[in-house]
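Novice:
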């Protein structure tokens with residue numbers, strides 16, 4: 002049997018890396034970064050509201066209504082994502098048409 | 063001797079399967095919420111040098127999490143036990159034994175005391191039990207990594223929900239259904255880091271604690 006070396010918890014004091022430098026190593030193109038962070042901002046706005054509403058709920062109430070609200074918000078965000086994708090495709094199509102016409 | 067490890071880096075030793083996806087997202091979101099950065103082996107190519115690269119990754123991380131909640135026979139024939147995770151745990155334990163100031167490892171499980179049965183040599187090691195839930199992962203991360211000003215589990219859940227709802231965009235963009243692929247993992251990290259920034263802004267504004 003080996004001796005236990007795993008502590009229950011560690012106290013972290015190292016500073017949190019600034020946002021810009023912490024995403025540098027991910028090597029994601031700037032345009033893609035912007036698109037993903039914009040999507041996150043919209044999702045954040047929805048879930049922050051849900052969270053604020055849930056503050057005064059009992060856990061039983063949250064279990065019954067919170068799950069439904071979570072599902073509805075998720076579906077709405079997915080729908081928004083689909084619309085964005087359709088818009089992007091339409092724009093790409095237009096650009097291709099104008100390029101081929103030229 | 064390898065260079066000093068990144069003090070915020072956490073090597074994630076987890077199963078890469080469909081049923082584990084929500085916990086996978088929870089680990090990534092939770093670690094960023096605590097100011098830590100997750101690393102996976104998924105970006106490491108196969109071949110002879112893969113094991114060397116995995117060891118180098120472990121050595122570059124100050125911490126590691128080994129989730130052994132799904133060490134079981136694979137569903138596809140021939141039924142085979144998952145051995146990569148215990149192998150990587152073994153490498154980590156050896157490294158930490160040799161250099162205890164450079165590495166600290168944590169064991170995660172979903173069921174109490176199962177680890178004593180599946181790995182009796184680890185008897186005496188208390189695993190963090192997440193019960194197979196997102197909330198379980200987030201609250202155990204807060205227990206394992208204590209940091210001043212860390213957000214509450216409720217605030218972390220908001221971050222999780224926002225990231226999780228954006229996953230379809232990542233998968234569509236990558237043209238894949240594999241959330242564990244290297245490129246997908248990187249985009250997931252971007253969202254989780256973005257969510258951590260929003261949580262911190264909320265804490266500063268007194269909206270989240």
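Chains as they are written, first to last, in this note's numbering: chain A, 2 to 103; chain E, 63 to 271.
Think of the CB as a built atom: it goes at the ideal place given N, C-alpha and C, for glycine as much as any other residue.
1) Pick out whichever of E:262, E:222 and E:230 has its Cα sitting closest to the Cα of residue 211 of chain E.
2) Residue 29 of chain E CB to nearest chain A CB: under 9 Å?
3) By a C-beta neighbour count over all protein chains shown, 10 Å radius and 16 as the cutoff for buried, is residue 129 of chain E buried or exposed?
4) Does DSSP put residue 156 of chain E in a helix, in a strand, or in coil?
5) Chain E beta carbons: is any one of them nearer than 9 Å to that of residue 100 of chain A?
6) Please list the residues of the segment 224 to 251 of chain E that have a C-beta atom closer than 8 Å to any C-beta atom in chain A, keeping them in chain order.
7) Go ahead and label residue 113 of chain E buried or exposed: buried means 16 or more other beta carbons lie within 10 angstroms of its beta carbon, across all protein chains shown.
8) According to DSSP, which residues form a beta bridge with residue 72 of chain E?
9) How close, in whole Å, do the beta carbons of residue 151 of chain E and residue 240 of chain E come, if the pair is a contact with beta carbons under 8 Å?
10) Express the C-alpha separation of residue 78 of chain E and residue 219 of chain E in angstroms, rounding to a whole number.
11) Taking DSSP's pairing of strands, which residues face residue 215 of chain E in a bridge?
12) Should residue 27 of chain A and residue 256 of chain E be called a contact, given that it needs their Cβ atoms to be closer than 9 Å?
13) Could you tell me which uninterrupted alpha helix (DSSP H) segments, each at least 4 residues in length, are contained entirely in the segment 6 to 51 of chain A, listed from first to last along the chain?
14) Nearest to residue 89 of chain E by CA position, among E:265, E:235, E:68 and E:127, is which residue?
15) If contact means a Cβ-Cβ distance below 9 Å, which residues of the segment 10 to 40 of chain A contact chain C?
16) If contacts are defined as beta-carbon pairs under 8 Å, then residue 91 of chain E and residue 254 of chain E qualify, I think. What distance do you get, rounded to the angstrom?
17) With distances taken Cα to Cα, identify the nearest neighbour of residue 176 of chain E among E:105, E:246, E:236 and E:192.
18) Quick check on DSSP: helix, strand or coil for residue 130 of chain E?
19) Measuring only the C-alpha atoms, how far is residue 83 of chain E from residue 266 of chain E?
20) Since residue 12 of chain A and residue 199 of chain E are thought to touch, with beta carbons under 8 Å apart, how far apart are those beta carbons, to the nearest angstrom?
21) List, in chain order, every chain A residue whose beta-carbon is nearer than 7 Å to that of residue 260 of chain E.
22) Does residue 230 of chain E come out as helix, strand or coil in the three-state DSSP assignment?
23) Find the residues of chain A that neighbour residue 253 of chain E, judging by a C-beta separation of less than 7 Å, and give them in chain order.
24) Within the continuous beta strand (DSSP E) that includes residue 166 of chain E, where are the two ends?
25) Check whether the segment 160 to 167 of chain E and the segment 133 to 148 of chain E touch, using three or more Cβ-Cβ pairs below 8 Å as the test.
Specialist: So, to answer that:
1) E:262
2) This structure cannot speak to residue 29 of chain E, because chain E is shown only from 63 to 271.
3) buried
4) helix
5) No, no contact with chain E.
6) 224, 225, 226, 227, 228, 230, 231, 232, 234, 235, 248, 249 and 251
7) exposed
8) E:100 and E:125
9) At roughly 24 Å, the Cβ-Cβ gap does not stay under 8 Å, so residue 151 of chain E and residue 240 of chain E are not in contact.
10) 22 Å
11) Answer by DSSP bridge pairing: none, since residue 215 of chain E is not bridged.
12) no
13) 20 to 25
14) Of E:265, E:235, E:68 and E:127, the smallest CA-CA separation from residue 89 of chain E is found for E:127.
15) Going by chain labels, chain C is absent from the structure shown, which instead holds the protein chains A and E.
16) Contact between residue 91 of chain E and residue 254 of chain E holds: their C-beta atoms lie close to 5 Å from each other, under 8 Å.
17) Taking residue 176 of chain E as reference, the option from E:105, E:246, E:236 and E:192 with the minimal CA-CA separation is E:192.
18) coil
19) 31 Å
20) About 20 Å; that fails the 8 Å criterion.
21) 45
22) helix
23) Those are 37 and 41, listed as they occur along chain A.
24) 166 to 171
25) no
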